[in-house]
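Colleague: Quick one: the structure is below, and I'll ask about it shortly.
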Amino acid sequence: MGNSTLFICSILLFIVTQEVQSLNKRCIGCRSRGELGTCGDPFPLNVTETIVESGLHVVACPSGWCGKLIEGTVGTFRSDDYGAATERMCLQRAPSDYEERCAYTMWNRKKVYMCFCNGDLCNSAFSISSFPLITLVSILIPLYNYYF
């Protein structure tokens, strides 16, 4: 097998691996209110511990996009608001611009802070994104040109 064939096979294998991984994306599903809840922000648990915690679920997410919604603010208590509620979920579809972000928005006529992320269990904590394909290609092309 020639060097160029090996190079092309390596890139194709990487692309197929990325696609298969995208089919297996999961999100944390939970909701809790106040500082003592198990769904709080920052997420108080390691993802591997979620199976044993009441109210926490690891759910399959066909869209690959997870969300985190924070409703209310700690410190601004009203009679009907006894702490910030945090909800983590799988989104039915990606944002229209396919951008990961956090921002204030309106949800059910309330101002909430909402985050969108794309990746396996990305709504459990801060995550390091996987090595993007474009980065790999931008590294491999100069190497290919140098060696071949």
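Positions -22 to -1, 1 to 126 (mature numbering (1 follows the signal peptide of the UniProt record, and there is no 0)) are the ones given, in order, by the sequence shown.
In this text, a Cβ means the ideal position worked out from N, Cα and C, and glycines have one as well.
1. Taking one C-beta from the segment 5 to 15 and one from the segment 35 to 47 each time, how about it: are there three or more such pairs within less than 8 Å?
2. Quick check on this structure: which residue in Glu31, Cys100, Gly45 and Asn24 has the alpha carbon closest to the alpha carbon of Val90?
3. For Arg79, tell me which candidate among Asn96, Asn86, Arg71 and Ala63 has the shortest Cα-Cα distance.
4. Which of the three DSSP states is assigned to Tyr76 in this structure?
5. Can you tell which of Ser32, Gln70, Lys88 and Glu65 has its C-alpha closest to the C-alpha of Gly18?
6. Could you tell me which residues DSSP pairs with Asn101 in its beta bridges?
7. Could you spell out the range, first to last residue, of the beta strand (DSSP E) harbouring Glu13?
8. So which of Trp43, Leu23, Leu99 and Leu47 has the shortest CA-CA distance to Ala81?
Modeller: From the atom records:
1. Cβ pair count under 8 Å is three or more, so yes.
2. The residue you call residue 90 lines up with position 112 of the sequence shown. Ranking Glu31, Cys100, Gly45 and Asn24 by Cα distance to Val90 puts Gly45 first.
3. What you label residue 79 is simply residue 101 of the sequence shown in a count that begins at 1. Closest option to Arg79, judged by alpha-carbon separation, among Asn96, Asn86, Arg71 and Ala63: Asn96.
4. By 1-based counting over the sequence shown, the position of residue 76 is 98. Of the three classes helix, strand and coil, the one that applies to Tyr76 here is coil, per DSSP.
5. On the sequence shown, position 40 is the one that residue 18 refers to. The shortest C-alpha separation from Gly18 is found at Glu65.
6. The residue labelled residue 101 in the question sits at position 123 within the sequence shown. None; Asn101 has no bridge partner.
7. Numbered from its first residue, the sequence shown carries residue 13 at position 35. First-last for Glu13: undefined, no H or E at that position.
8. Within the sequence shown, residue 81 is the residue found at index 103, counting from 1. Among Trp43, Leu23, Leu99 and Leu47, the Cα nearest to that of Ala81 is on Leu47.
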